[in-house]
Amino acid sequence: MKRAVPLNEIRFALRMLASSKLYALAATVTLALGIGATTAVFSVIDATLLRPLPFAQPDRLVGLVSAQVDPNGPEQPFPASQIELLRWRAATDVFASIDGVESRVLALTGQGEPIVLTTGAMTSGLFPSLGVSPALGRLFSAEEEQSGAALVVLSHGLWRQRFNADPAVLGRAIVLGGASFTVIGVMPADFRLLFDRSDAWTPLRPVIDPARQNNRFMFAIGRLRDGIAPMQAQTALAAINADLAREFPVSHSRAQPRVTLLRERLFGQRAPALWMLAVAVIGLLALACANVANLTLGHLARRQRELAVRALLGASGWQMTRLLLIETAMLALFGGLIGVIAIGFALPLLTDLYNGAGLGVVTLGLDWRVVVLAFAVIGTTAAICTVVPAMRLRQSARRGGLQLSGVRVSGGRGERRVRAALVAVQIALAVMLLSASGTFVASLRQLLRAPAGFTSANVLTMQMLLPVTLYPDAPARASFVQRMLERVGQVPGVIAAGTTQSTFLPNQSMSTMAFIEGVTADQPERLHIRHITPGYFDALSVPVVEGRAIDTRDQMQAPAVCMVSRALARKYFPDGNAIGHRIRRSGATVQWMTIVGVAGDVRDYGLATEPGPFLYVPYLQFNTPTARVSLVVRTAMAPAGLADTVRRAIWDVDRNQPIDRVATMEEIFAEGASPERFRTWLVTLFGIAGLALAVVGVYAVAAAAVSARSLEASLRLALGAPRWRVVATVLRESSWPVLIGVGIGAAGFLAAGRSLSVLLFQPAATDLSTVVVAGAGTLLLALTVNAIQSLGLARVPLSQCWRGQ
């Protein structure tokens, strides 16, 4: 039986590639980069924007938010409240179900060292609506939800780490937040809720409590009935919200429901960044195709004598084409394997980077569809660049036009123009990718250097929770915090210590509705609120620009006071005199607080956010059981070295106190910038890869040009032309595509760069200096490669012209 591809031809192809190591290496790396980068980015896009969500009938699932419509400012989306959830459930004509989950933080004790868990208080219908079931045990019922049963369902990770994956955990009582809960289920190992990172889930019993009308913590999900569009559902909910506005005018007079598909709710804000990355990787794929084309054409140009001999000895066009295609297929196979192996190692790292950047909870996998597509695009390009010259060679052989003295397999002047155009395209794409990466790097640097309003150096932070069972009221919580601060202040090396409830991470800020005396009448204003203790401003070096700071005199029995930020004072007191005015949080039992000081503006919920109006209230006067305690400690030495000592000092006051998220302020800032850093790394890698591919392409074209013009150069030298003039002529001709490509790339980025502005912190996307640096660097590198290759003509021996080379 005759083989389709004789083994001797495969061996010959491998020998030819081994004899052209530089070509084989460049082509293999190009293929690996193109396939690997394309697969990596489109794996992220597929997992977030294309792949169906891992729930039952995901196209009918919608996310529900409550937008605060401000006639004088932008619309602000907020999570739903329990009141809204209960009232929205009446819209049964458009929704099959409406469920929700509230993220809460509870301490797990009695299972070794106490730890802080993120728990989800959810309605009983949430998991059934999503079509997910536990791996062990069961979920709680609607009756158990309504009765407020103390039941808990564990995540697979928590079950494995804290309970040794023991199936007998079902029915066991565990202590969460100081209360006993019975374990009734364990979720599967591959279960991902996407919008919730909880370690465990407990029943949520939503209630209509006027005292909690401003509490908006609910991630609400609805399942639309068949034939109902999101806008129809939004109209139905708007009518319900109109009734809520009459019943609760303080919290709902400006609230409007917004209904969007669940995918849009989860990933909509990140879609522009991901599509920008898609554009970047398509550009990189185009670079790889152009590079393969140039490399293949250059390789064929160098083999023209060998191919001419084969044709004259009777080799058919198909035989020569098949030999060349076998070589191309071998290169594609090597490059594809390397790309797939590389992406196999890179995807777990990419998953961790993506999830760690706060961009969502996804699991990235190798998408063979994308691999095959990238392989097909690049492989087809290489095949075309192989077949077309071979067909020309066959036609030339039939006409008897082949001579041993030279064969223009590369197609002469027309094909040189095509290859020059490919170089221009490569350089243009490389300049655009480098300009984009430079812009992202500049934006990230400005973000990290943005003034936070406080000094982050030598600051240690840690989070604590005060269980309601141990600290049932405000005086008990205030007493613990005061004793804890006194003990921490005695630790050697501690300069100042205070507490707040901020986590210092982006988009994690507590807000409140408050009336400002003499400014607001019937409608309260939404303000950021911080419960702070004496020493907080000293620990962070926040300046007090007017009046005094909150101190130890501001106890529960003392007159109610507060502080405001400079931004609040400027906004509501144009004369700049906020001291002595009063503020009252909405609620029938809340008293008026007198403003005693004005603090400098801070960005304690994300460096990328503008400082908003802040209200500071004394923790020793006002505190709630839901407010976490964030300890901030200024140290005289490296703060990480004092972490264990400070932790032991806290346990001296309460040995069962769980402590979480121990980190320096620099580490928190770095974590807060993770989304921007993730995008910057990816775009920068694309820029570097694009530059590398462009340089390889320039090298390939320059090498082919030198090889094709060696005979001409030897003749000119034999006729007395100076060597430098011969070199300069070739260098000038090969440099024009580079110059044109730099110009096109710079102009293209300046024209399209405005679309990047939505992904940046402050600098303009069309920063001219970034484009100039990217263009100049690309130009210099490409011209250097051209010069190195062109100088090869200066070493052409005169004897070549007599040998007919």
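Numbering (the working numbering), first residue to last: 10 to 814. Virtual Cβ for every residue (Gly too), placed ideally from N, Cα, C. None of these values were measured; they are calculated from a predicted model.
- request: Pull up the distance between the alpha-carbon of residue 72 and that of residue 141, whole angstroms please.
  value: Distance from the CA atom of residue 72 to the CA atom of residue 141, rounded to whole angstroms, is 18 Å.
ask   = Where in the segment 279 to 313 do unbroken runs of the alpha helix (DSSP H), each at least 4 residues long, occur, reported from the N-terminal end onward?
value = Listed in chain order, the complete alpha helix (DSSP H) runs (minimum 4 residues) inside the segment 279 to 313 are 280 to 311.
Item to complete: Confirm, please, whether the CB-CB distance from residue 558 to residue 642 is below 8 Å.
Response: No. Outside cutoff.
- [ ] Report back the beta-carbon spacing between residue 209 and residue 109 to the nearest angstrom; my notes put them in contact at under 8 Å.
- [x] Incorrect: roughly 17 Å between the Cβ atoms, too far for contact.
Quiz item: For the segment 74 to 101, which segments carrying the alpha helix (DSSP H) assignment without a break, of at least 4 residues, lie completely within its bounds, in sequence order?
Solution: Those alpha helix (DSSP H) runs which fall completely within the segment 74 to 101 and span 4+ residues are 91 to 97.
Q. In three-state terms, what does DSSP make of residue 218?
A. Here residue 218 sits in coil by DSSP.
Requested in this report: Output yes or no for whether 8 Å exceeds the beta carbon distance between residue 353 and residue 44.
Outcome: No. Outside cutoff.
For residue 111, is the classification buried or exposed, using 16 other Cβ atoms within 10 angstroms of its Cβ as the cut-off for buried?
-> Label assigned to residue 111: buried.
- Message: With H, G and I counted as helix, E and B as strand and the rest as coil, what does DSSP make of residue 229?
- Response: If DSSP states are grouped into helix, strand and coil, residue 229 belongs with the strands.
*asked:* Can you look up residue 512 in the DSSP assignment and give me helix, strand or coil?
replied: In the structure shown, residue 512 adopts coil according to DSSP, grouped into three states.
- Message: Just verifying my parser: in three-state terms, what is the DSSP assignment at residue 695?
- Response: In this structure, residue 695 counts as helix in the three-state DSSP scheme.
Closest to residue 626 by CA distance: which of 608, 385, 620 and 615 is it?
-> Per the Cα distances, 608.
Whole-angstrom distance between residue 685 and residue 794, CA atom to CA atom
Rounded to the nearest angstrom, the two C-alpha atoms are 34 Å apart.
Comparing C-alpha positions only, which one of 760, 744, 27 and 86 sits nearest to residue 430? The closest CA to that of residue 430, considering only 760, 744, 27 and 86, is found on 744.
Under DSSP, the beta strand (DSSP E) around residue 619 begins and ends at which residues?
Counting along the chain, no beta strand (DSSP E) covers residue 619, and no H or E run does either.
- Message: Distance check for residue 184 and residue 659, CA to CA, integer angstroms please.
- Response: About 21 Å.
Limits of the beta strand (DSSP E) - the one that residue 234 falls within
Looking at the DSSP string, residue 234 is not in any beta strand (DSSP E), and its letter there is neither H nor E.
Residue 151 versus residue 134: straight-line alpha-carbon distance, rounded: The straight-line gap separating the alpha-carbon atoms of residue 151 and residue 134 is approximately 7 Å.
Nonlocal neighbours in the same chain, by C-beta distance under 7 Å from residue 188, ignoring five residues either side: If we look at residue 188 and ignore the five residues flanking it on each side, its Cβ neighbours are 159 and 478.
What are the uninterrupted segments assigned as beta strand (DSSP E) that are 3 or more residues long and contained completely in the segment 626 to 679, given in chain order? Every unbroken stretch of the beta strand (DSSP E) spanning 3 or more residues and falling wholly within the segment 626 to 679 is given here in chain order: 638 to 644 and 668 to 673.
Close-in-space but distant-in-sequence residues of the same chain around residue 524 (CB under 6 Å, 5 per side omitted)
Contacts found: 533 and 593.
_Pull the bridge partners of residue 108 from the DSSP assignment, please._
DSSP output for residue 108 lists 230 as bridge partner(s).
Subject >> Helix, strand or coil at residue 452 [DSSP, three-state] >> reply: Correct three-state label for residue 452: helix.
DSSP three-state assignment for residue 774, whether helix, strand or coil: Note that residue 774 has pLDDT 45, beneath the 50 cutoff, so the model's placement of it is unreliable and no number is given.
- Message: Strictly by DSSP, which residues pair up with residue 210?
- Response: Note: residue 210 sits in a beta bridge opposite 129 and 162.
- Would a C-beta distance cut-off of 8 Å place residue 211 and residue 128 closer than the cut-off? Judged by beta-carbon spacing, residue 128 lies within the 8 Å limit of residue 211, meaning their Cβ atoms are closer than that value.
*asked:* Tell me the rounded alpha-carbon separation between residue 64 and residue 447.
replied: Straight-line spacing of the CA atoms in residue 64 and residue 447 works out to 39 Å.
(message) Here's a check: name, in chain order, each residue in its chain whose Cβ is nearer than 6 Å to the Cβ of residue 746, leaving out the five neighbours to either side.
(response) The answer, listed in chain order, is 429, 432 and 433.
Checklist line | Where the beta strand (DSSP E) through residue 37 begins and ends | finding: No beta strand (DSSP E) contains residue 37, which is instead part of the alpha helix (DSSP H) from 30 to 54.
- Which same chain residues, not among the five before or five after residue 339, have their C-beta less than 6 Å away from its C-beta? Around residue 339: 22.
Buried versus exposed call for residue 566 [16 or more other C-beta atoms within 10 Å across all chains shown]
By the 16-neighbour rule on beta-carbons within 10 angstroms, residue 566 is exposed.
Worksheet item: Is it the case that the Cβ atoms of residue 537 and residue 550 are separated by a distance below 8 Å?
Response: Contact flag unset, no.
* Asked: What are the boundary residues of the beta strand (DSSP E) that includes residue 534?
  -> First-last of the beta strand (DSSP E) with residue 534: 534 to 541.
- Query: Just the Cα atoms here: how many angstroms apart are residue 414 and residue 705?
  - Reply: Its pLDDT being 46, under 50, residue 414 is placed unreliably in this model, and the value from its coordinates should be taken loosely. Between residue 414 and residue 705, the C-alpha separation is close to 29 Å.
Exercise. Leaving out five residues before and five after residue 788 in sequence, what residues of the same chain have Cβ atoms less than 6 Å from its Cβ?
Worked result: For residue 788, same chain residues with a beta-carbon under 6 Å away, outside a window of 5 residues either side, are 751 in chain order.
Note to self: Is the separation between the beta-carbon of residue 494 and that of residue 542 shorter than 8 Å?
What the structure shows: Cβ atoms of residue 494 and residue 542: closer than 8 Å.
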